[in-house]
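So the structure is just underneath, and the comments pick up after that.
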Amino acid sequence: MPSERALGVAVVGTGRMGADHVRRLHHVVSGARVTAVVDIDAERARTLADAIEGCTAYTEPAAAMAAQDVDAVLIASPGPAHEAALLEALDRDLPVLCEKPLTPDAASALRVVEAEQKLGHRRVQVGFMRRYDAEYTKLKRLLDSGELGRTLMLHQRHRNPAMPSWFTEEMLINDSVVHEMDVTRWLLDQEITAVTVHKPAPTSYAPEGMSDPQLVLFETESGALVDVEIFGHCGYGYQVQAEAVCERGVVRIDDEHGPRLTADGRWGGRVTPDYLERFEDAYDREVQAWADATRRGETTGPSVWDGYAAAAVCEAGVLSQREGRRVRVELIERPALYK
Ligand code: NAD
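Take 147 as the starting number for the sequence shown in our numbering and just add one per residue.
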């Protein structure tokens with residue numbers, strides 16, 4: 147595409163995330179515009195398209211990708227629909243930003259890795275947006291600087307006020323802890339080698355059939371230990387925290403988001419209600435970075451390798467969750483394209 151004109155983006159899947167990305171591309175991101183929206187719910191796609199000048203509604207991703215005014219694709223359909231859309235886009239050599247998870251399991255993620263390798267260059271960025279969050283970015287920079295020595299442990303907490311009724315116990319791993327898997331691999335710059343899931347006595351607010359909260363333990367290549375508390379029904383808000391324990395110091399992020407109020411003999415602040423508010427700036431930066439790189443003809447950010455590695459850790463996590471034992475993570479050798 148000529149870099150002087152705005153990037154024409156097709157947004158595939160216009161539910162909670164997709165509709166928010168349409169808003170973001172239309173109102174926040176510069177150098178890009180939404181030229182197509184795709185949803186199997188035709189009415190939903192049409193309603194969104196009608197509100198944006200020059201935007202066409204489709205029900206088939208392939209039809210949108212074939213349109214003249216579509217230069218790139220943002221995939222925000224449910225995980226099981228990602229593989230078909232990704233392979234279609236790669237077949238057309240179209241740049242993609244694909245919401246996490248890349249695909250729901252390691253075998254299908256590997257098929258996407260193979261398709262991109264066949265193309266011979268990177269075309270897909272995976273939506274692990276915490277890498278664009280200001281606090282996570284500062285933490286990464288500090289750890290990479292070596293100032294604190296090696297990182298020995300990471301403590302992470304991921305709490306949601308409540309989960310929707312269709313949310314399953316496996317989804318605690320595949321849809322929630324998957325973010326901590328990527329954060330761990332990215333912050334420590336190494337692979338996760340084993341996963342163990344522990345289940346304390348559940349909260350009485352957990353739905354039937356879901357053990358909630360859970361404590362997930364990762365082991366990494368260098369021998370670092372990483373724990374993740376995943377709590378789907380904490381009741382009070384959406385909270386994500388991380389603490390790195392290093393040889394010469396400890397660094398914590400995400401303790402407090404202003405404003406801090408002091409009144410009536412108390413001090414305190416507000417907890418964000420959901421991920422859309424907590425990570426609003428990260429989503430904005432992620433999509434802007436993708437649009438900018440795409441207009442330069444580049445692909446940056448989390449790769450399909452990162453999506454595949456996270457899928458493999460998820461599989462080990464779900465098995466451990468089911469069988470109550472430590473499970474080793476099996477990965478293929480990392481292809482040269484992702485080194
Ligand atoms: P959703 O159920 O609200 O929306 C999904 C939409 O996709 C619906 O409108 C549905 O009709 C449509 N759809 C289903 N199959 C389709 C297909 N084959 N082609 C086109 N459209 C199709 O789901 P959501 O919460 O918006 O999640 C969408 C994606 O975003 C998922 O991959 C999810 O894991 C991811 N997500 C990411 C984050 C994050 O923090 N990065 C947060 C939430 C969700």
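Built from N, CA and C at the ideal position, the CB exists for glycine as well.
Using a threshold of 6 Å, is the CB atom of residue i nearer than that to any non-hydrogen atom of ligand 1?
{"i": "SER223", "result": "yes"}
{"i": "TYR421", "result": "yes"}
{"i": "GLY447", "result": "no"}
{"i": "THR246", "result": "The amino acid at residue 246 is misidentified as Thr; the sequence shows Lys. Checking the Cβ of LYS246 against ligand 1 gives yes."}
{"i": "MET163", "result": "yes"}
{"i": "GLY273", "result": "yes"}
{"i": "GLY159", "result": "yes"}
{"i": "ALA195", "result": "no"}
{"i": "VAL184", "result": "yes"}
{"i": "ASP187", "result": "yes"}
{"i": "ALA203", "result": "no"}
{"i": "ALA388", "result": "no"}
{"i": "ALA261", "result": "no"}
{"i": "ALA213", "result": "no"}
{"i": "ALA156", "result": "no"}
Apart from the five residues on each side of it in sequence, which residues of its chain come closer than 6 Å, Cβ to Cβ, to residue i?
{"i": "GLU432", "result": "MET275 and TYR278"}
{"i": "ALA255", "result": "LEU248, THR249, GLY453, TYR454 and ALA457"}
{"i": "GLU316", "result": "VAL464"}
{"i": "GLN434", "result": "VAL175"}
{"i": "ALA388", "result": "GLN302 and ILE399"}
Let's test the definition: count the other Cβ atoms within 10 Å of the Cβ of residue i and tell me whether it reaches 16, buried, or not, exposed.
{"i": "TYR282", "result": "buried"}
{"i": "ALA308", "result": "exposed"}
{"i": "HIS267", "result": "exposed"}
{"i": "HIS325", "result": "buried"}
{"i": "ILE478", "result": "exposed"}
{"i": "LYS264", "result": "exposed"}
{"i": "LYS345", "result": "exposed"}
{"i": "ALA212", "result": "exposed"}
{"i": "PRO241", "result": "buried"}
With DSSP run on the structure shown, which of helix, strand or coil describes residue i?
{"i": "CYS380", "result": "coil"}
{"i": "TRP312", "result": "coil"}
{"i": "VAL168", "result": "helix"}
{"i": "ILE198", "result": "coil"}
{"i": "MET163", "result": "helix"}
{"i": "HIS344", "result": "strand"}
{"i": "LEU318", "result": "helix"}
{"i": "ARG268", "result": "coil"}
{"i": "THR445", "result": "coil"}
{"i": "GLU422", "result": "For the record, residue 422 in the displayed sequence is Leu; it is not Glu. DSSP places LEU422 in helix when its eight states are reduced to three."}
{"i": "TYR282", "result": "helix"}
Roughly how far, in whole angstroms, is the beta-carbon of residue i from the beta-carbon of residue j, given that I think they are within contact range, below 8 Å?
{"i": "VAL397", "j": "LEU285", "result": "6 Å"}
{"i": "VAL104", "j": "ARG179", "result": "Outside the displayed span of the chain (147 to 485) sits residue 104, for which this structure offers no information."}
{"i": "PRO207", "j": "GLU245", "result": "That pair is no contact at about 14 Å."}
{"i": "GLY415", "j": "LEU407", "result": "7 Å"}
Spatial neighbours of residue i within its chain, please: CB distance less than 7 Å, with the 5 preceding and 5 following residues excluded, ordered by chain position.
{"i": "LEU422", "result": "ASP166"}
{"i": "ALA195", "result": "VAL183, CYS201, THR202 and ALA203"}
{"i": "ILE198", "result": "HIS172 and VAL180"}
{"i": "HIS228", "result": "ILE221, CYS244, LEU248 and THR249"}
{"i": "ASP239", "result": "LEU265 and ARG269"}
Quick one: residues in its chain with C-beta nearer than 8 Å to the C-beta of residue i, no 5 flanking neighbours on either side, listed in chain order?
{"i": "TRP413", "result": "ARG406 and LEU407"}
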